[in-house]
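Asker: For the sequence shown, position 44 (counting from the first letter as 1) is numbered 44 according to UniProt numbering, and the numbering increases by one without interruption. This structure is in structure tokens; I'll ask about it shortly.
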Amino acid sequence: MENLQLILTSTFVSGIVSVLVSYIISIKLKKLDFKNEYYKEILKKRLVAYQYIESQLAVLKTVVLDESDNKPYHMMFSYSDVEFFDFQKNMVMAISFSLWIDDETTENLEKLNELFYNLNIKTAGKSNAQLIDIGKKYYQLISDLRFQLENSTKRGLYNLHDIGKAFKTKKKNTTRNIRELK
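Below, the structure written as structure tokens:
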């Protein structure tokens with residue numbers, strides 16, 4: 001009788017322990033599953049942002065040479081001032097998704113945006129020949145900023161999976177000033 005009682009007690013206790021362990025593991029797995037789904041959504045948003053940056057970089061890589069003086073300029077200056085702005089739409093979209101990308105890439109996007117803000121002012125109402133002259137004048141600066149953006153984008157893509165690193169805020173209470181080009 002004592003052995004039967006011992007067997008029933010141990011069976012009952014092991015059943016309770018088994019249920020508790022299963023419950024705890026189930027809760028932990030659900031939390032992990034939720035976290036993984038959350039990270040997948042963040043990765044999707046990050047990929048969208050980087051796709052816009054990639055498209056803008058492709059636009060900025062297209063360079064032509066003026067046959068009259070052999071000076072380079074970006075092809076986006078070959079069109080009207082309205083179309084010049086159209087070439088910047090990917091950058092505008094990338095900036096709108098900048099919450100999902102790393103600080104360095106965001107900073108490089110903002111530098112490029114500041115430059116194009118000023119260039120849009122300078123190109124408004126200008127003839128095609130004047131646009132090309134502006135493009136020649138700012139060719140090197142645009143190329144340098146494109147190169148910086150491209151490198152920070154590569155680093156961001158290499159660390160795409162590292163959500164914690166991407167969202168580690170480094171700056172506090174920064175102000176953004178847009179400087180006018182001379």
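The C-beta atom is built at its ideal place from N, Cα and C for all residues, glycine as well. A quick note: this is a predicted structure, and the numbers were derived from the prediction, not measured.
Run the proximity test for Gln51: is its beta-carbon closer than 7 Å to any non-hydrogen atom belonging to the ligand COA?
Answerer: Within the structure as shown, the ligand COA is missing, as the structure has no ligands at all.
Asker: Reducing DSSP to helix, strand and coil, say where Tyr79 ends up.
Answerer: Three-state DSSP puts Tyr79 in coil, outside helix and strand.
Asker: Does the contact criterion of 3 or more C-beta pairs under 8 Å hold for the stretch 74 to 90 versus the stretch 36 to 45?
Answerer: Touching, no.
Asker: DSSP puts Val63 in a beta bridge; with which residues?
Answerer: The partner list for Val63 (beta bridge, DSSP) reads His74.
Asker: Which word fits Gln56, buried or exposed, when buried means at least 16 other C-beta atoms lie within 10 angstroms of its C-beta?
Answerer: It is buried - the Cβ of Gln56 has at least 16 other Cβ atoms within 10 Å.
Asker: According to DSSP, is Asp162 helix, strand or coil?
Answerer: Reduced to three states, the DSSP call for Asp162 is coil.
Asker: Just to confirm before moving on: does the CB-CB distance between Lys136 and Lys61 stay below 8 Å?
Answerer: Contact: no.
Asker: How long is the line joining the alpha carbons of Ile134 and Tyr79, rounded to whole angstroms?
Answerer: Whole-angstrom Cα-Cα distance: 12 Å.
Asker: Under a three-way DSSP split, which group does Lys122 fall into?
Answerer: Here Lys122 sits in helix by DSSP.
Asker: Answer with buried or exposed for Asp81, where buried requires no fewer than 16 other C-beta atoms within 10 angstroms of its C-beta.
Answerer: Classification for Asp81: buried.
Asker: Could you have a look at Phe116 and say whether DSSP puts it in helix, strand or coil?
Answerer: Here Phe116 sits in helix by DSSP.
Asker: Is Leu160 closer than 8 Å to Leu29 when the C-beta atoms are compared?
Answerer: Against a cut-off of 8 Å, the Cβ pair of Leu160 and Leu29 comes out as no contact.
Asker: On the three-state DSSP scale, how would you describe Ser127?
Answerer: Of the three classes helix, strand and coil, the one that applies to Ser127 here is coil, per DSSP.
Asker: Tell me whether Phe97 is buried or exposed, calling it buried when 16 or more other Cβ atoms sit within 10 Å of its Cβ.
Answerer: By the 10 Å Cβ count, Phe97 comes out buried.
Asker: Short check: CB of Ser152 to CB of Asn108, under 8 Å?
Answerer: Yes, they are a contact pair.
Asker: When DSSP labels each residue in this structure, what does Tyr23 get in the three-state scheme?
Answerer: Helix, per DSSP.
Asker: How about Phe85 and Asn113: do their beta carbons lie closer than 8 Å?
Answerer: No.
Asker: Over what stretch of residues does the alpha helix (DSSP H) that includes Met91 continue unbroken?
Answerer: Looking at the DSSP string, the run of the alpha helix (DSSP H) that includes Met91 is 89 to 96.
Asker: Tell whether a beta-carbon distance below 8 Å holds between Val59 and Tyr73.
Answerer: It is not a contact, given that the beta carbons lie outside the stated cut-off.
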